[in-house]
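Numbering that gives the first Met the number 0 numbers the first residue of the sequence shown as 0 and each following residue consecutively.
Below is one structure, written out as structure tokens, with a few remarks after it.
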Amino acid sequence: MDVKAAEQRVQELHDTLNKYSYEYYVIDQPSVPDSEYDRLLNELSNIESMYPQLQTPDSPTQRVGGAVLDVFRKVRHDVPMLSLGNAFDEADLRDFDRRVSQSIGNVPYSYVCELKIDGLAVALKYEDGLFVQGATRGDGTTGEDITANLKTIHSIPLRLKKPFTIEVRGEAFMPKQSFIALNCIRDERGEEPFANPRNAAAGSLRQLDPRIAAKRNLDIFLYSIGNPEAIGAESHSEGLDMLDSLGFKTNKERQVCKTIEDVINYVKKQSEKRTKLPYEIDGIVVKVNSLSQQDELGFTAKSPRWAIAYKFPAEEVVTKLTGIVLSV
Ligand SMILES: CC(C)(CNC(=O)c1ccc(Oc2ccccc2)cc1)c1ccc2c(N)nc(N)nc2n1
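Okay, structure coming up:
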């Protein structure tokens, strides 16, 4: 195969492997068996060995790359990663709605309700569609560069379907089943078990060796797109739909609610479904949907006035290993 034919074949393999990866990891509708994916990945790896100049950072062979680091580089967020005010009961939610209503005046408004995934907030940067940097939230202004570890999360596209330069944010997490399996392995090795999936996800993303992170079955839901207006969104829910169209994984339980009553019903419904979800959640995030109304409402020193996190009451779980009651 000459280099021209190799170039052509590499592009075909990128497109096909990215399509299969998207089907399996983002929309959970695989169209081919794993063996077919592995066969094509092996073919791509062989061509890259023959023609190293054709190996690019976004190649599907580069998900688990990189040397073992000795420290993580500090990165400053261009836009701060803010925190959320909390609501603990129905009255708090109604107070939030009253503040919103009084602030934006007597005009119609709606909310978007999203699950609050119990994981680690991360920011992903893309330049001309290429995944170039992933960072932890840190203190909201400065985080740690964990790009190599985030590249191991298969639901994170290494190249977008459109050559956008954007930043997206979301929650990296460890599914409940992966958490249970990991703790079994750690128990067999006489290692300390992780207390909960959030700690397991954080511990995995803070591994200096990406090969360890790659084995932890981490996943991610994106929930925020930087300057959505710049790509034509007028509401937060349109911004989330745009994340979907760019190939990102977003959480499908989200719902637009026209009134705070609908929000309260959504919270009750999700609270009942919580134990059946394949991942842990610690609450519901309620956001004013209109971006112009978000701008009107603005921010406090550290949180948006247009969003609030309803926190579920801490659950008590009896740990199987020790029998001690841990309230999480
Ligand atoms: C709403 C926001 C706080 C994100 N938004 C921001 O961080 C943010 C940051 C600067 C913004 O604008 C500014 C730009 C410059 C200066 C100050 C603010 C706007 C939003 C947030 C936080 C945690 C969330 C979570 N765990 N789950 C879900 N589902 N959604 C969440 N949403």
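Beta carbons: idealized from backbone N, C-alpha and C, even for Gly.
Only a predicted model underlies this, so the values are computations on that prediction, with no experimental measurement involved.
Cβ neighbour criterion (16 or more within 10 Å) applied to residue 188: exposed
Residue 193 versus residue 182 - alpha carbon distance: 7 Å
Sub-7 Å separation of residue 5 and residue 50 beta-carbons: yes
Nearest neighbour of residue 112, chosen from 286, 292 and 304 [CA to CA]: The shortest Cα separation from residue 112 among 286, 292 and 304 belongs to 286.
Short Cβ contact (7 Å threshold) for residue 109 with residue 267: 7 Å or more divides the Cβ of residue 109 from the Cβ of residue 267.
Range of the contiguous beta strand (DSSP E) that encloses residue 224: 218-224
Start and end residues, alpha helix (DSSP H) containing residue 19: 2-20
Residue nearest to residue 91 in terms of C-alpha spacing, selected from 259, 67 and 228: 259
Residue 306 CB to nearest heavy atom of ligand 3 below 6 Å: Because ligand 3 does not appear in the structure shown, any question about it cannot be addressed here, the ligands present being ligand 1.
Simplified DSSP assignment, three categories, for residue 284: strand
Spatial neighbours of residue 265 in its chain, beta-carbon cut-off 8 Å, leaving aside the 5 residues before and after: 112, 254, 256 and 283
Sufficient close CB pairs (3 or more, under 8 Å) joining the region 113-130 to the region 245-253: With the cut-off at 8 Å, the region 113-130 and the region 245-253 touch.
beta-carbon residue 113 near ligand 1 non-hydrogen atom, thresh 6 Å: yes
Rounded straight-line distance, which links the Cα of residue 1 to that of residue 116: 49 Å
Pair within 7 Å by beta-carbon distance, residue 173 and residue 199: Their beta carbons are under 7 Å apart, which means residue 173 touches residue 199 by this criterion.
Close beta carbons around residue 212, own chain, < 6 Å, minus the five adjacent residues each side: 148, 151, 203 and 206
Contact test: residue 284 Cβ vs ligand 1 heavy atom, cutoff 6 Å: yes
Cβ contact (3+ pairs, closer than 8 Å) linking the region 284-304 and the region 225-238: Output reads yes: the region 225-238 touches the region 284-304.
C-alpha gap between residue 80 and residue 97, whole angstroms: Approximately 25 Å between the Cα atoms of the pair.
Local conformation of residue 327 per DSSP, three classes: The pLDDT assigned to residue 327 is 46, lower than 50, so where the model puts this residue is not dependable; a value taken from the coordinates is nonetheless given after this. Of the three classes helix, strand and coil, the one that applies to residue 327 here is coil, per DSSP.
Check: residue 80 C-beta below 6 Å from any heavy atom of ligand 1: A heavy atom of ligand 1 is found nearer than 6 Å to the CB of residue 80.
Test item: CB-CB of residue 222 and residue 169 under 7 Å: Closer than 7 Å, so yes.
Straight-line gap, residue 130 to residue 105 (C-alpha atoms, nearest Å): 43 Å
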